[in-house]
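Novice: Chains as they are written, first to last, in the UniProt record's numbering: chain A, 1 to 437; chain B, 1 to 497. I'd like to ask some things about the structure below.
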């Protein structure tokens with residue numbers, strides 16, 4: 001046993017430490033996809049409680065070890081590459097539901113809990129955490145918060161930042177700190193929940209999270225409208241400016257689907273409302289000469305289940321954002337630069353993703369350069385439309401050649417100042433976040 | 001607590017400071033005369049007063065930055081103030097400070113209907129935004145009761161709510177980006193026109209930071225399409241439990257009303273005495289005001305469901321309003337509740353605690369008992385849907401000792417909220433009013449961690465000092481921490497802030 005593993009197992013027991021060689025190969029790959037260097041970490045620590053998590057952090061701080069947190073590992077490959085990680089801290093064993101306050105529509109959970117396991121428990125009470133993240137079968141609650149990852153449901157429910165109402169996390173020095181609480185409305189103290197959401201493990205390690213929940217809606221129906229891009233643009237703009245209240249409204253480009261490019265709107269609620277709204281959208285579709293496919297019940301479920309599987313781990317994946325009015329141009333540009341790429345853009349927030357198949361490009365330097373040039377073009381378009389392009393997922397060789405985050409603003413010094421307070425010795429996932437933080 | 005802090009005499013050359021400020025701004029944007037300063041001594045929390053040394057009225061980001069830079073260079077504390085309607089003393093000046101007032105920054109800079117965003121200066125009044133965009137069928141959702149007077153800058157600072165935040169969220173859910181003058185005078189843009197820009201969510205941390213991290217000079221907000229149909233239902237009940245049960249039933253049925261408000265017998269009678277809406281039954285123990293909005297068929301169907309739930313729980317009668325004038329009539333009393341108290345009594349003290357919604361009936365009983373114990377009547381109006389209570393305590397500030405007694409009662413109510421798993425503030429902010437109760441809710445470690453953020457941005461501690469966080473100087477012995485660990489040293493360390 002190496003020195004690091006020995007010291008940690010003295011503190012939390014040998015059962016809580018996995019030597020690198022004993023780590024499952026799949027997990028080894030996940031971890032290595034997040035680290036710039038070839039040298040693997042000494043071990044993975046698996047605390048059983050938040051106190052143990054704090055202990056591990058405290059020991060790491062004493063020795064100056066560099067730490068990278070992981071949940072279920074499904075999104076470790078997202079974001080920048082960390083440097084010289086000594087230990088990985090897995091929250092996989094911190095997977096309890098601390099409290100489901102059914103009548104108050106809140107739930108408090110530990111970060112390693114799988115989203116699927118949580119949703120199952122909530123569904124028994126006709127409630128849900130209103131998110132639809134990538135890799136939803138694997139993802140953990142903590143990982144989803146650390147990457148701020150949700151999808152189409154943003155249209156109605158907003159981002160993770162809008163649902164996380166309380167948090168406890170282990171600081172770099174091992175102390176556990178809380179912010180927020182367990183009530184849906186609360187302005188006491190600074191909103192550290194938002195600071196931690198999407199911070200990719202660079203400020204601390206989450207140990208407990210409280211979310212507001214929503215009721216599962218009884219009736220759900222989706223409409224798939226397809227036609228040329230111009231019609232989609234016009235219809236999307238019309239829906240945006242109408243009184244329609246879809247829970248999801250995406251512009252989707254998928255060559256493998258029969259529709260090719262489509263506008264998908266999902267309505268949920270009581271039957272009368274869903275019926276009324278879908279009828280109105282059908283009229284809009286007719287005005288623009290669009291084909292319209294209605295998905296009810298199981299077909300509706302199946303469509304969204306399948307959409308949730310669209311993001312794969314072996315592609316180049318970008319998160320993008322731009323003013324919604326720039327969406328049609330982005331789609332045209334993406335089609336030109338990356339023919340065959342899949343695109344899904346959320347109609348009112350202007351966020352979304354672009355996914356490019358890359359297997360063949362990697363063997364060829366010319367194709368790789370084309371890829372980088374293409375990314376630069378698409379990023380430039382997003383930035384011109386007040387947005388951004390972040391390369392979430394790409395082979396390490398590609399990531400090493402570009403700035404994955406694409407932060408263009410003037411507040412990097414503020415971010416640095418915050419990072420220095422939360423991580424004075426630069427031990428927490430160094431290099432992984434914006435500006436190399 | 002001392003209501004009026006003693007003005008400390010310092011050796012600062014204020015004449016020199018004023019001369020410098022007058023060079024940065026024009027002379028009529030700098031106020032120093034005693035009678036001019038009077039109005040700025042307090043915000044909506046009138047029981048605390050402190051006179052600023054100088055008041056400045058900048059009009060642009062550059063002017064704000066120039067004033068802040070001067071304060072930074074000369075180590076002068078500064079406090080930011082919007083319309084001054086805040087209820088927690090967030091804009092209360094500190095002794096020997098420069099007060100930076102944003103009321104002259106009143107421009108709506110951009111309206112982008114296609115993308116449903118507006119950019120405004122901080123002095124813009126909340127309601128002006130809705131007025132500006134309503135012609136095109138849009139509105140700005142967060143609607144504090146003071147929306148005709150309160151400014152967006154203040155809303156951002158306090159993360160204000162309102163009756164419609166149950167469905168649509170509070171200020172922070174509607175702010176996409178900010179231009180901010182940092183406490184050292186540097187200007188940065190955070191967030192933007194698109195949510196989740198790369199980097200830390202600085203917008204999320206700024207909203208609700210009560211002027212302790214810098215001064216917001218431009219705000220990018222989301223605007224929403226006006227719902228097609230709106231209906232307000234007024235239901236009266238003979239018990240608080242029945243009203244509370246109805247609230248739970250509505251939420252459990254999957255309906256999220258735009259607003260869901262409760263008033264108790266005392267407050268609805270106070271309102272009828274003063275505004276005479278003639279729509280609240282005076283013998284009701286509690287009334288619910290339920291607003292639902294959305295597509296017409298959906299609203300009609302939800303209204304039917306809600307009516308059935310009200311009757312099931314023993315509602316005596318229901319009034320439905322769909323027409324705008326009728327709806328406003330039903331809301332009038334609720335929106336005038338605080339003002340009505342002001343007419344009934346020389347002074348009132350309002351609290352802003354939050355509890356888990358399901359604990360409502362028992363908490364109300366306990367509030368009544370606390371009121372009896374302290375010898376004051378407490379009127380309750382609250383956002384029942386999200387458990388945000390506004391107990392109003394009536395008193396007379398001219399009677400020595402009453403304010404202190406009322407504050408003690410308010411404190412007991414806040415501790416009660418925390419003890420059932422709630423919060424000491426839902427939408428008014430901590431400010432100067434509730435900072436000494438922060439240790440009831442947070443440990444020394446929690447507060448120290450929050451102070452890391454403050455220390456990162458407000459390095460010299462000049463921006464709105466002494467607010468939000470307890471210090472021995474402001475809270476003395478009352479700043480007792482639950483876990484006790486290293487408390488005194490940590491508090492000492494925070495003294496500068």
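The beta-carbon is built from N, C-alpha and C at its ideal position, and this holds for glycine as well.
1) Determine the extent of the alpha helix (DSSP H) in which residue 245(B) is found, giving its start and end residues.
2) Using DSSP with H/G/I as helix, E/B as strand and the rest coil, what is residue 366(A)?
3) Assign residue 110(A) to one of two classes, buried (16 or more other C-beta atoms within 10 Å of its C-beta) or exposed (fewer than that).
4) Which residue comes first and which comes last in the alpha helix (DSSP H) that contains residue 9(A)?
5) Given that residue 406(A) touches chain B, what residues does it touch there, using C-beta distances under 7 angstroms?
6) Which complete beta strand (DSSP E) runs does the segment 120-198 of chain A hold, if anything under 3 residues is left out?
7) Leaving out the 5 sequence neighbours to the left and right, which residues in its chain are closer than 6 angstroms to residue 80(B) when beta-carbon positions are compared?
8) Would you say residue 183(A) lies against chain B (beta-carbon separation less than 8 angstroms)?
9) Can you tell me where the alpha helix (DSSP H) with residue 280(A) in it begins and where it stops?
10) Which first and last residues belong to the beta strand (DSSP E) in which residue 109(B) is found?
11) Determine, for residue 199(A), whether the minimum Cβ-Cβ distance to residues of chain B falls below 8 angstroms.
12) Does the Cβ-Cβ distance between residue 128(A) and residue 120(A) come in under 8 angstroms?
13) The alpha helix (DSSP H) that contains residue 361(B), what's its start and end?
14) Starting from residue 217(A), find everything on chain E with Cβ-Cβ shorter than 7 angstroms and list it in chain order.
15) By the DSSP assignment, the alpha helix (DSSP H) with residue 63(A) in it spans what residues?
16) Helix, strand or coil: which one does DSSP assign to residue 129(B)?
17) Run through DSSP, which three-state label would residue 412(B) get?
18) Taking 8 angstroms as the limit between beta carbons, can you name the residues of its chain near residue 61(A), skipping five residues before and five after?
19) Drop a sphere of 10 angstroms on the beta-carbon of residue 380(A), count the other beta-carbons inside from all chains shown, and report buried for 16 or more, exposed for fewer.
20) Taking only three categories from DSSP, how would you classify residue 170(B)?
21) Does the segment 47-67 of chain B come close enough to the segment 159-173 of chain B to have 3 or more Cβ pairs within less than 8 angstroms?
22) Taking 8 angstroms as the threshold (beta carbon to beta carbon), is residue 324(A) in contact with chain B?
23) Which ranges does the alpha helix (DSSP H) cover as unbroken runs of at least 4 residues, wholly within the segment 421-456 of chain B, from first to last along the chain?
24) Distance check for residue 267(A) and residue 326(A), CA to CA, integer angstroms please.
25) Quick one: is residue 425(A) near chain B, going by C-beta distance under 8 angstroms?
26) What number of angstroms, rounded off, separates the C-alpha of residue 364(B) from the C-alpha of residue 158(A)?
27) Quick one: what's residue 177(B) bridged to in DSSP?
28) Go ahead and label residue 388(B) buried or exposed: buried means 16 or more other beta carbons lie within 10 angstroms of its beta carbon, across all protein chains shown.
29) Once you ignore the five residues that flank residue 398(B) on each side, which residues in its own chain have a CB closer than 7 angstroms to its CB?
30) Can a CB atom of chain A be found closer than 8 angstroms to the CB of residue 81(B)?
31) At which residue ranges does the segment 310-353 of chain A contain complete alpha helix (DSSP H) runs of 4 or more residues, listed in the order of the chain?
32) Once DSSP output is grouped into helix, strand and coil, what is the label at residue 274(B)?
33) Whole angstroms are fine: how far does the CA of residue 225(B) sit from the CA of residue 242(A)?
34) Output, in chain order, the set of chain A residues within a Cβ distance shorter than 9 angstroms of residue 158(B).
35) Check whether the segment 457-471 of chain B touches the segment 205-221 of chain A, taking contact to mean three or more Cβ pairs, one atom from each stretch, closer than 8 angstroms.
36) Assign residue 36(B) to buried or exposed, taking buried as 16 or more other Cβ atoms, counted over all protein chains shown, within 10 Å of its Cβ.
Specialist: Considering the structure as presented:
1) Start and end: 240-252.
2) helix
3) buried
4) DSSP places residue 9(A) in the uninterrupted alpha helix (DSSP H) bounded by 3-12.
5) 198
6) 164-170 and 176-180
7) Closer than 6 angstroms at Cβ, skipping near neighbours: 100, 211 and 215.
8) yes
9) 271-287
10) 108-112
11) Yes, because at least one Cβ of chain B sits closer than 8 angstroms to the Cβ of residue 199(A).
12) no
13) 360-374
14) Absent from the structure: chain E. Protein chains present are A and B.
15) 50-63
16) For residue 129(B), the secondary structure class from DSSP, reduced to helix, strand or coil, is helix.
17) helix
18) Cβ within range, chain order: 172, 173, 174, 425 and 427.
19) exposed
20) coil
21) Contact fails: fewer than three Cβ-Cβ distances are below 8 angstroms.
22) yes
23) 438-441
24) Going by the C-alpha atoms only, they are around 24 angstroms apart.
25) no
26) 32 angstroms
27) The partner list for residue 177(B) (beta bridge, DSSP) reads 191(B) and 220(B).
28) buried
29) 346
30) no
31) The segment 310-353 of chain A contains, as complete alpha helix (DSSP H) runs of 4+ residues, the segments 327-337 (chain order).
32) helix
33) 7 angstroms
34) 187
35) no
36) exposed
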